[in-house]
Structures are given as structure tokens and as C-alpha cells.
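For the sequence shown, the UniProt record's numbering begins at 1 and goes up steadily by one.
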Amino acid sequence: MNTWNDVTIRLLGPVTLVKGSVPIPIRGQRQRRFLASLALRPGQVISKEAIIEDSWDGEPPLTVSGQLQTSAWMIRTALAEAGLPRDALGSHDRGYELRVLPDSIDLFVFREAVRAVRDLHARGQHQEASERLDTALALWKGPAFADVTSSRLRLRGETLEEERTAAVELRALIDVGLGYYGDAITRLSELVDHDPFREDLYVSLMKAYYAEGRQADAIQVFHRAKDILREQIGISPGERMTRVMQAILRQDEQVLRVGTPA
Numbered sequence: 001m002n003t004w005n006d007v008t009i010r011l012l013g014p015v016t017l018v019k020g021s022v023p024i025p026i027r028g029q030r031q032r033r034f035l036a037s038l039a040l041r042p043g044q045v046i047s048k049e050a051i052i053e054d055s056w057d058g059e060p061p062l063t064v065s066g067q068l069q070t071s072a073w074m075i076r077t078a079l080a081e082a083g084l085p086r087d088a089l090g091s092h093d094r095g096y097e098l099r100v101l102p103d104s105i106d107l108f109v110f111r112e113a114v115r116a117v118r119d120l121h122a123r124g125q126h127q128e129a130s131e132r133l134d135t136a137l138a139l140w141k142g143p144a145f146a147d148v149t150s151s152r153l154r155l156r157g158e159t160l161e162e163e164r165t166a167a168v169e170l171r172a173l174i175d176v177g178l179g180y181y182g183d184a185i186t187r188l189s190e191l192v193d194h195d196p197f198r199e200d201l202y203v204s205l206m207k208a209y210y211a212e213g214r215q216a217d218a219i220q221v222f223h224r225a226k227d228i229l230r231e232q233i234g235i236s237p238g239e240r241m242t243r244v245m246q247a248i249l250r251q252d253e254q255v256l257r258v259g260t261p262a
């Protein structure tokens with residue numbers, strides 16, 4: 001990871017400032033919220049109103065202006081402790097700006113790595129893709145903003161978790177490309193257990209079972225999905241899942257290729 005003076009801001013897990021491998025404490029819940037709000041959009045001026053919304057969930061105290069200045073001072077102190085200039089946190093009339101490169105923040109390193117892995121996967125370079133994606137997934141140290149209690153930021157964290165799920169699904173498809181069908185099935189089964197209403201996950205799992213020569217298990221996945229979808233949210237499997245089920249019964253290899261994400 002290329003870092004800004006060897007400093008990394010971590011959002012994928014507890015919000016942390018790291019110098020090399022040494023964590024620099026961000027003291028106080030409000031300061032962690034403030035830093036997370038800025039780190040989501042590095043190099044941009046974030047309005048005081050937006051920071052206040054993230055930091056106080058829309059219920060700021062009467063002393064909010066002074067508390068905001070105090071939070072900025074405490075973050076600058078942490079940045080200075082990491083050996084960075086205090087103006088790395090810029091102040092403007094309308095807000096604040098975190099003056100860092102995106103590759104100093106784990107979220108943006110993760111996203112860039114996943115984009116590169118998708119290209120490698122599309123070109124059939126599965127081994128390199130698997131190694132790079134494992135490195136990217138290792139950036140996650142827990143749920144995004146794990147130690148932040150702001151409901152607004154936690155909602156954003158749930159959106160980021162969808163990116164992580166998509167990356168794990170991609171990892172399973174790479175396993176299939178490498179012929180590691182059992183590993184792919186394990187990863188996809190865990191994703192389905194975590195999110196049982198995602199039809200695309202069932203489709204990938206059905207294809208992985210079929211690729212391993214387990215046609216009966218692939219069919220069982222379809223019927224399990226059908227029961228869950230009907231009983232819990234009142235819908236039937238969609239056209240794509242139904243088409244894959246029919247292809248399994250016909251043993252239609254063209255439809256059942258698992259080289260691309262669902």
C-alpha cells in the first residue's frame with residue numbers, strides 16, 4: 001500500500017490512524033466520527049453541516065461550533081503525533097478538508113485493488129487475481145467504522161459491506177477459475193447464509209456445485225432458495241435463477257459457465 005508519509009487511515013474496521021504499524025490514538029467518539037466523515041471524501045471540502053450531521057446524528061448541542069473546533073484541534077494533534085503537518089486537516093469558512101491522497105486510506109486502496117482484480121479475472125489471470133484480492137480483503141479488520149456509533153456513518157458502513165460481499169463473491173469465482181470448486185462453494189455458502197435474499201449468490205453457488213460435478217446439490221440450492229424467497233418475502237425465483245436451473249437439468253454448459261460474476 002502506498003501511504004502518505006507511511007501513514008494510513010483505516011476505515012475498514014475501527015477508525016484508526018496508523019504510522020507504519022503503530023496505531024496513533026484518535027481519542028474520543030466525536031473525533032473518530034469527524035475523521036471518518038472527512039476520510040470518505042479526501043481532498044474535498046466537507047461542509048460543517050455535513051460533519052455535524054455525521055457527528056451528532058442531526059441533534060447537535062448548542063455549543064456545537066466550539067466542539068467542532070475542539071475536534072479539529074484534537075485530530076490535528078493526532079496527525080502531528082504521526083509526523084504530519086497540522087495543515088493536513090485544512091480549515092475553510094464553510095468546512096474542513098482532509099488533504100491526503102486516496103491511497104493513504106484503506107477504503108480507496110481496497111476499491112482500486114478490486115478494480116484491478118476484475119480486469120485480471122476477465123483476462124483469465126486467476127492466480128495473480130487471487131493473490132491480489134486476498135491482499136485487498138485482508139485490509140478489512142472488521143465492519144467498516146466498527147467503533148463509530150453514528151447511525152449515519154453506520155448506514156454508510158453497511159453500503160461498504162456490500163462492496164466487501166461482492167469482492168468475496170469475486171474471490172469465489174476466481175477459485176472456480178483455478179479449479180478450487182470446494183473453496184468456492186464454502187465462500188458462497190457463507191455469503192448465502194449471511195444474505196439469504198440475494199438471488200445472484202444462489203446462482204453463483206448453483207454454478208459452482210455444477211462445476212464440481214454435484215448436479216443434485218446444485219438443484220437443491222435452487223429449491224432451498226425458492227422456499228426461502230416464497231416463505232419469507234413472498235416472491236418466486238427470478239428469471240435468471242430459473243434459467244440456470246433449467247440449464248442444470250439440460251446440462252447446458254454454455255449457460256452454466258462460472259467465469260463472470262452474477
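Yeah, the Cβ is synthetic: ideal placement off N, Cα and C, and Gly gets one too.
Select from 129, 94, 12 the residue whose C-alpha is nearest the C-alpha of residue 162.
-> 12
Report the rounded CA-to-CA distance for residue 75 versus residue 139, giving the unit in angstroms.
-> 23 Å
If we call anything under 8 Å between Cβ atoms a contact, is residue 175 one with residue 184?
-> yes
Where the beta strand (DSSP E) containing residue 141 begins and where it ends = For residue 141, there is no enclosing beta strand (DSSP E), as DSSP marks it with neither H nor E.
In terms of residues, what are the limits of the alpha helix (DSSP H) holding residue 68?
-> Bounds of the alpha helix (DSSP H) holding residue 68 are 64–81.
Using the Cα positions of residue 61 and residue 230, report the straight-line distance between them to the nearest angstrom.
-> 47 Å
Rounded straight-line distance, which links the Cα of residue 196 to that of residue 207 | 17 Å
Can you name, in chain order, every residue of its own chain whose Cβ lies under 6 Å from the Cβ of residue 81, other than the five neighbours on each side?
-> Excluding residues within five positions, the ones whose Cβ falls inside 6 Å are 24.
Could you name the residues of the same chain whose beta carbon sits closer than 8 Å to that of residue 143, not counting the 5 residues immediately before and after it, in chain order?
-> 13, 157, 161
Count the other C-beta atoms from every protein chain shown that fall within 10 angstroms of the C-beta of residue 2, then say buried if there are 16 or more, exposed otherwise.
-> Per-residue confidence for residue 2 stands at a pLDDT of 43, beneath the threshold of 50, marking its modelled position as unreliable; no derived number is given.
Spatially closest choice to residue 216 from 200, 58, 247, 187, by CA coordinates | Answer by Cα proximity: 247.
Residue 234 versus residue 198 - alpha carbon distance = 14 Å
Per-residue burial, residue 122 [other beta carbons within 10 Å of its own, 16 or more giving buried] | exposed
Nearest-angstrom Cα separation, counted from residue 211 out to residue 253 = About 9 Å.
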